[in-house]
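If you're matching positions, the sequence shown starts at 1 in the UniProt record's numbering and goes up one per residue.
By construction, the Cβ of each residue, glycine as well, lies at the ideal position given by its N, Cα and C atoms.
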Amino acid sequence: DTSIVQSFLNLRVSRLHMGAYLCIASNGVPPSISKRVVLRVQFPPMLSISNQLEGAYLGQDVSLECHSEAYPTSINYWTTERGDMIVSVVNFKCTVSMDNGYNKYMMLKIRSVKHSDFGSYKCVAKNSLGETDGVIKLDEIPAPTTVTTTTAAYVTFPATAKKKGGRGKGKNWKERVTENQVLSDFGLEEWRDSDYDLDYTLPSIGPHPARQPPGAYSSASRPSSALKRDNSRWYVVWIPACAVLFHVYS
């Protein structure tokens, strides 16, 4: 059997009901069918302003914003507090963007604010059903102060311990040592021949060798020049050392 069913949707409409509606018919046998119906509601312009009081300092860039809704589509513009329409010039820029056919976003950007720019500004929306406006006041605020800070860098060096002086304090015992000058264990200066690189060995202390008659030394047993130099060096070292020890313990 074939039947015809009619469906009705009764609404007491307002601008909030504006939008698309979908009517769907189905009897359990696929496919289902649907019909899309768009509802347009005409209404006069309405304005909303997020900030009715704005602050700016001299030389700052500031933006004033306004949101409007209207259908049919409204005409939107800005005016000064005297009623003069504002157009986009060097320091003023007006922009309007639209969303879903009846929402509009208005923006007035003021570049490098001057004293004459402070005051009230009016955003206006107008269509065939009516007209409305909103006021935004721009006040002067103090410019932010710039604080200059100077950071000083300090470097701390470790303290150097002073060497305590012993006997003979105040005297410069360690003077510049020349190439051939050598300090002994007792702080006494020695003079070393640059050509002498042999290790020094103290002569052994033992019984004196048997005395030989004159002319009895052979070339093998005759003391060499190096040994003579060692003996003279031994006297140079030990005689001043003994004098120092005698002075200390006397």
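(message) Looking at the secondary structure, which residues open and close the beta strand (DSSP E) in which tyrosine 21 lies?
(response) Start at 1 with the first residue of the sequence shown, and residue 21 comes out as number 21. First-last of the beta strand (DSSP E) with tyrosine 21: 19-25.
(request) Output the distance between the C-alpha atoms of valine 13 and valine 41, rounded to the nearest integer angstrom. (result) The residue given as residue 13 occupies position 13 in the sequence shown. The residue given as residue 41 occupies position 41 in the sequence shown. The straight-line gap from Cα to Cα measures roughly 8 Å.
(request) Check whether the Cβ atoms of methionine 107 and serine 63 sit closer than 7 Å, and answer yes or no. (result) In the sequence shown, the residue the question calls residue 107 occupies position 107. In the sequence shown, the residue the question calls residue 63 occupies position 63. Taking 7 Å as the cut-off, the beta carbon of methionine 107 is found closer than this to the beta carbon of serine 63.
(request) Have a look at aspartate 61 and glycine 101 and give me their C-alpha separation to the nearest angstrom. (result) For the purposes of this step, residue 61 is taken as residue 61 along the sequence shown, with counting starting at 1. For the purposes of this step, residue 101 is taken as residue 101 along the sequence shown, with counting starting at 1. The alpha-carbon atoms of aspartate 61 and glycine 101 are separated by roughly 30 Å.
(request) Would you list the one or two residues that DSSP bridges to aspartate 139? (result) Working through the sequence shown from its first residue, we reach residue 139 at position 139. Answer is Gly55.
(request) Using a threshold of 7 Å, state whether the C-beta atoms of alanine 143 and serine 74 are closer than that. (result) Within the sequence shown, numbered from 1, the residue matching residue 143 stands at position 143. Within the sequence shown, numbered from 1, the residue matching residue 74 stands at position 74. Cβ distance not < 7 Å, so alanine 143 and serine 74 don't count as in contact.
(request) Under the assumption that threonine 79 contacts lysine 122 (Cβ atoms under 8 Å), give the Cβ distance between them as a whole number of angstroms. (result) Here residue 79 corresponds to residue number 79 of the sequence shown, with the count starting at 1. Here residue 122 corresponds to residue number 122 of the sequence shown, with the count starting at 1. The Cβ separation is near 5 Å, so the contact holds.
(message) Based on DSSP bridge pairs, tell me the residues matched to glycine 134.
(response) For the purposes of this step, residue 134 is taken as residue 134 along the sequence shown, with counting starting at 1. Beta-bridge pairing links glycine 134 to Cys123.
(request) In angstroms with no decimal places, state the Cα-to-Cα distance between aspartate 133 and asparagine 27. (result) Here the question's residue 133 lines up with position 133 in the sequence shown. Here the question's residue 27 lines up with position 27 in the sequence shown. Aspartate 133 and asparagine 27: Cα-Cα distance of roughly 52 Å.
(request) Report buried or exposed for serine 112, applying the criterion of at least 16 other Cβ atoms within 10 angstroms of its Cβ. (result) As a first step, residue 112 must be located in the sequence shown, where it is residue number 112. Counting of Cβ neighbours within 10 angstroms places serine 112 among the exposed residues, the total staying below 16.
(message) Please state whether the Cβ-Cβ distance between leucine 16 and serine 34 is less than 7 Å.
(response) One-based indexing of the sequence shown puts residue 16 at position 16. One-based indexing of the sequence shown puts residue 34 at position 34. Cβ distance not < 7 Å, so leucine 16 and serine 34 don't count as in contact.
(message) Within 10 Å of its beta-carbon, does glutamate 69 have 16 or more other beta-carbons around it, so buried, or fewer, so exposed?
(response) For the purposes of this step, residue 69 is taken as residue 69 along the sequence shown, with counting starting at 1. When all chains shown are included, glutamate 69 counts as buried.
(request) Report yes if the C-beta distance between glycine 130 and proline 44 is below 7 Å; otherwise report no. (result) In the sequence shown, residue 130 corresponds to position 130, counting from 1. In the sequence shown, residue 44 corresponds to position 44, counting from 1. Remark: C-beta atoms of glycine 130 and proline 44 approach each other more closely than 7 Å.
(message) Within the continuous beta strand (DSSP E) that includes lysine 114, where are the two ends?
(response) Working through the sequence shown from its first residue, we reach residue 114 at position 114. Here lysine 114 belongs to no beta strand (DSSP E), and DSSP marks it neither H nor E.
(request) Kindly identify the DSSP beta-bridge partner or partners of valine 62. (result) The residue you call residue 62 lines up with position 62 of the sequence shown. Partner residues in the beta bridge of valine 62, as assigned by DSSP, are Ile110.
(request) Check each candidate in Met98, Lys109 and Lys104 and name the one with the smallest Cα separation from valine 90. (result) Taking the sequence shown and counting its residues from 1, the one referred to as residue 90 is at position 90. Nearest to valine 90 by alpha-carbon distance, out of Met98, Lys109 and Lys104, is Lys109.
(request) Would you kindly work out how many angstroms separate the C-alpha atoms of glutamine 52 and glutamate 140, rounded to a whole number? (result) Here residue 52 corresponds to residue number 52 of the sequence shown, with the count starting at 1. Here residue 140 corresponds to residue number 140 of the sequence shown, with the count starting at 1. Taking the straight line from one Cα to the other gives about 14 Å.
(request) Determine the DSSP secondary structure at arginine 36, reduced to helix, strand or coil. (result) Reading the sequence shown from its first residue, position 36 is the one you call residue 36. Here arginine 36 sits in strand by DSSP.
(request) Name, in chain order, the residues that DSSP records as bridge partners for asparagine 76. (result) As a working mapping, residue 76 is identified with position 76 in the sequence shown. Partner(s): Ala125.
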